[in-house]
Amino acid sequence: MNILLICNDFYHPGEIIVEGLSFLRAEGHTLDVQSDASFFQPDILKQYEVVIFAKSDEVSASKREKWETPEVQCALQEYVEHGGRLFAIHSGIVGHEGTEQLRTLIGCRFSHHPEQCPVTVRPVKKHTITENISDFVEVDEHYFIELLTDDLDILMHSISRYGEVPACYTRTQGKGRICTFTPGHNPSVWQNPVVRQIMRNVLKWMMETDVPSQLRRQT
Numbered sequence: 001m002n003i004l005l006i007c008n009d010f011y012h013p014g015e016i017i018v019e020g021l022s023f024l025r026a027e028g029h030t031l032d033v034q035s036d037a038s039f040f041q042p043d044i045l046k047q048y049e050v051v052i053f054a055k056s057d058e059v060s061a062s063k064r065e066k067w068e069t070p071e072v073q074c075a076l077q078e079y080v081e082h083g084g085r086l087f088a089i090h091s092g093i094v095g096h097e098g099t100e101q102l103r104t105l106i107g108c109r110f111s112h113h114p115e116q117c118p119v120t121v122r123p124v125k126k127h128t129i130t131e132n133i134s135d136f137v138e139v140d141e142h143y144f145i146e147l148l149t150d151d152l153d154i155l156m157h158s159i160s161r162y163g164e165v166p167a168c169y170t171r172t173q174g175k176g177r178i179c180t181f182t183p184g185h186n187p188s189v190w191q192n193p194v195v196r197q198i199m200r201n202v203l204k205w206m207m208e209t210d211v212p213s214q215l216r217r218q219t
């Protein structure tokens with residue numbers, strides 16, 4: 001599978017995410033990394049079957065200027081509507097103030113997180129993404145989110161002493177598919193075998209229907 005990873009901001013160093021997703025390369029996927037948004041070209045999106053979005057509205061970890069221009073937001077929306085797959089993880093849902101088009105596409109608005117604590121992630125529905133997935137616990141930032149659309153298929157909850165909220169859901173828009181997964185601040189989350197299986201399942205679900213030919217890697 002041909003995957004683009006967009007990552008790296010001040011609070012979420014790209015190295016943690018790249019290392020956490022290295023197993024995808026070992027399993028035969030192509031994983032290209034865009035870690036500095038000053039080099040981002042919206043036209044490249046159509047080259048990829050899946051875009052993993054794990055970045056806030058900061059150019060990079062060392063450049064905190066905003067990068068999610070109206071052009072970028074439109075490009076991501078058009079990518080999905082024409083059949084692309086968008087997988088938003090943790091930092092991909094935070095720090096998007098003033099980017100309502102992108103927030104609506106992802107399907108939620110970040111509210112807050114308490115101090116790091118043990119967080120239990122629990123499947124709440126049978127689905128391709130929750131297949132062979134059991135509860136897991138990691139110390140992490142427990143993201144509280146506001147859901148923005150009524151078409152979300154909620155698959156998992158996150159639970160801590162601070163409350164219980166959705167942690168993973170899917171939605172569709174146009175011909176494309178979107179999945180959001182809120183855990184992922186600490187390296188231990190990315191290295192967790194259950195989380196890695198969730199990611200495999202997400203990719204499987206995203207490709208369950210035909211992908212437009214222009215999104216397939218040319219061979």
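Going letter by letter, the sequence shown gives residues 1 to 219 in the UniProt record's numbering.
A virtual CB, placed ideally from N, CA and C, is assigned to each residue, including glycine.
Cβ distance (whole Å) where residue i is taken to contact residue j below 8 Å
i	j	result
Leu155	Pro123	6 Å
Leu5	Ala54	7 Å
Leu105	Glu68	Not a contact, Cβ separation roughly 11 Å.
Leu24	Tyr79	Between Tyr79 and Leu24 the Cβ distance is about 20 Å, and since that is not below 8 Å, they are no contact.
Val18	Phe40	Between Phe40 and Val18 the Cβ distance is about 16 Å, and since that is not below 8 Å, they are no contact.
Limits of the alpha helix (DSSP H) - the one that residue i falls within
i	result
residue 220	Outside the modelled stretch of the chain, which goes from 1 to 219, sits residue 220, for which no answer is possible.
Arg196	Pro193 to Met206
DSSP three-state assignment for residue i, whether helix, strand or coil
i	result
Ser91	helix
Arg217	In this prediction, Arg217 has a pLDDT of 40, which is less than 50 and means its spatial position is unreliable; what the coordinates show is noted afterwards. Of the three classes helix, strand and coil, the one that applies to Arg217 here is coil, per DSSP.
Ile129	helix
Gly107	coil
Leu76	helix
Gln47	helix
Glu68	coil
Ala54	strand
Gln116	coil
Gly83	coil
Alpha carbon of residue i to alpha carbon of residue j, nearest angstrom
i	j	result
Ile52	Pro118	25 Å
Cys168	Asp32	24 Å
Pro114	Val139	12 Å
His112	Ile159	14 Å
Thr182	Tyr143	6 Å
Glu208	Ala26	22 Å
Glu49	His185	25 Å
Gln77	Ile16	27 Å
Thr219	Asn2	Only weak support is given to the placement of Thr219: the predicted model assigns it a pLDDT of 29, under 50, and the value that follows is read from those uncertain coordinates. Whole-angstrom Cα-Cα distance: 12 Å.
Host beta strand (DSSP E) of residue i (start-end)
i	result
Val139	Phe136 to Asp140
Ser160	Asp153 to Ser160
Tyr169	Gly163 to Gln173
Gln41	Element bounds for Gln41: n/a, residue is neither H nor E.
Close-in-space but distant-in-sequence residues of the same chain around residue i (CB under 6 Å, 5 per side omitted)
i	result
Cys74	none
His96	Asp57, Leu102 and Arg103
Ile178	Leu86 and Arg171
Pro212	Note that Pro212 has pLDDT 46, beneath the 50 cutoff, so the model's placement of it is unreliable and no number is given.
Contacting residues, own chain, Cβ-Cβ under 7 Å from residue i (five flanking each side not counted)
i	result
Arg64	Phe10 and Glu58
Val165	Phe144, Ile145, His157 and Ser158
Gln116	Val139, Asp140 and Glu141
Proximal residues to residue i (C-beta, below 8 Å), its chain only, five neighbours per side dropped
i	result
Gly176	Tyr79, Val80, Glu81, His82, Gly83, Gly84, Arg85 and Leu86
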